[in-house]
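Going down the list, the protein sequences come from chains A and B.
Be aware that the first sequence starts at 5, since it is given in our numbering, and climbs by one per residue.
Be aware that the second sequence starts at 788, since it is given in our numbering, and climbs by one per residue.
Since the structure comes first, as structure tokens, the remarks are kept for the end.
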Amino acid sequence: MTSLCSVNRARRAAPLLSLLVVAALWASGGLAPAETRPGAAAGKALFTEHCSSCHGVAGEGFRSLYPPLAGSRLLTDELERLPCIIRHGLRGEIVVDGRAFNQVMPGNPRLSADDISRIISYMQSTWGDENREIEVKTWLRHCQ
Amino acid sequence: MVRINTICVRSTGLLLAVLLCLYLSGCDSRSIDDFPVLGEVSRDFNFVNQDNEVVTPAVVQDKVYVTDFFFTTCPAICPIMTRQMTRVYEAIKDDPGVLLLSHTIDPEHDTVEVLKNYADGLGIETAKWHLVTGPQDEIFAMAKHYMLAAMKYEEAPGGYLHSGSFVLVDRERQIRGYYDGTDPEAVDRLIDDLALFSESR
């Protein structure tokens with residue numbers, strides 16, 4: 005009887021427990037959607053200020069002038085290149101998703117490593133793999 | 788009674804005809820006379836476009852044209868201006884009476900080859916949208932002549948300060964409007980106004 009009561013109590017408590025677990029995960033960032041991640045708003049604001057005028061608010065790119073970011077290999081297979089590209093810019097032809105682009109991308113030498121991290125985090129959470137993280141400061145030390 | 792009915796029918800027909808005319812004309816009763824003359828483009832110029840062709844006032848003779856100042860490596864407003872100018876291009880590309888004329892303010896970097904590459908990226912036709920380069924002091928002087936700001940300024944992103952305006956110039960080389968080239972609604976107005984200027988002879 006006692007054990008039955010315990011089971012019943014446990015059954016009654018289960019939804020509450022689940023809620024508490026979800027809340028704890030949410031608070032720790034484990035299940036947080038992109039918009040509620042710490043720094044996500046700052047990342048979005050930095051992206052809007054420094055990136056969106058060329059690459060588009062939705063990362064769609066523009067004609068054969070500015071490459072798209074949304075769905076691009078840059079955010080999946082070549083993520084480690086991004087810190088240096090954002091800091092120092094890019095020259096010469098690149099191929100993004102089978103299309104050639106050949107404009108000068110100006111660098112952003114005034115952006116701090118933390119700001120670059122926030123921008124990359126925003127782009128990943130919006131168009132890439134949000135669970136993948138890179139050490140931006142480390143990659144910035146190895147720019148060529 | 789029959790006569791009254793005839794008058795009624797005729798009046799109704801007239802009213803319908805007037806309404807049809809208003810409908811077909813889009814109820815746009817505007818005229819280019821409503822646009823004040825804001826300046827005269829009297830200064831001579833001699834630039835080179837993305838196809839290495841000389842661009843002088845002869846190229847814009849008897850044309851309505853839109854002009855602006857930009858540079859290809861500009862990290863700030865230029866990409867937005869270029870997107871908006873591309874909208875204007877798409878609206879006028881089949882209109883033989885209208886041209887676009889964009890000047891680079893960074894001729895040291897924006898050579899003919901660089902402008903050609905930029906034009907190819909945009910996918911534009913040179914005869915409709917000239918991207919021109921030339922001596923920087925001449926380009927700055929031309930900007931001033933259009934009453935637009937363009938200057939070197941190291942603190943600014945990309946090293947230049949310049950206006951984001953698009954200027955509408957009529958067939959008589961008179962300035963008839965300034966439009967914020969970073970504002971899609973202002974550019975909507977420019978596209979409407981261009982159609983008006985293009986149609987009026």
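Glycine residues also receive a C-beta, built at the ideal position from the N, C-alpha and C atoms.
- Output yes if chain A places a C-beta closer than 9 Å to the C-beta of residue 839 of chain B; else output no. no
field: Segments assigned alpha helix (DSSP H), at least 4 residues, entirely inside the region 43–127 of chain A
entry: 44–54, 56–59 and 86–92
Practice task
Find the residues of chain B that neighbour residue 67 of chain A, judging by a C-beta separation of less than 8 Å, and give them in chain order.
Solution key: 873, 908, 909 and 910
Item checked: N-terminal and C-terminal residue of the beta strand (DSSP E) that residue 881 of chain B is part of -> It is not in any beta strand (DSSP E) - residue 881 of chain B carries neither H nor E in the DSSP assignment.
Discussion item. If the criterion is Cβ atoms closer than 9 Å, does the pair residue 917 of chain B and residue 836 of chain B meet it?
Written reply: yes
* Where residue 962 of chain B falls: helix, strand or coil (DSSP) -> strand
task: Taking residue 905 of chain B as the query, report the chain A residues whose CB atoms sit under 9 Å from its CB, ordered along the chain.
output: 69 and 107
**OP:** Measure the alpha-carbon distance for residue 64 of chain A versus residue 848 of chain B and round it to whole angstroms.
**Re:** 38 Å
Check your understanding: For residue 890 of chain B and chain A, any beta-carbon pair shorter than 9 Å?
Key -> no
(Q) As an exercise, report each continuous alpha helix (DSSP H) stretch of at least 4 residues that is fully enclosed by the region 830–908 of chain B, in chain order. (A) 844–847 and 865–879
For residue 48 of chain A, count neighbouring C-beta atoms within 10 Å of its own C-beta (all shown protein chains included) and say buried if the count is 16 or more, exposed if not. buried
With a threshold of 16 other CB atoms inside 10 Å of the CB of residue 949 of chain B, please say whether the residue is buried or exposed.
buried
Answer with yes or no whether the minimum CB distance from residue 112 of chain A to chain B is below 9 Å.
yes
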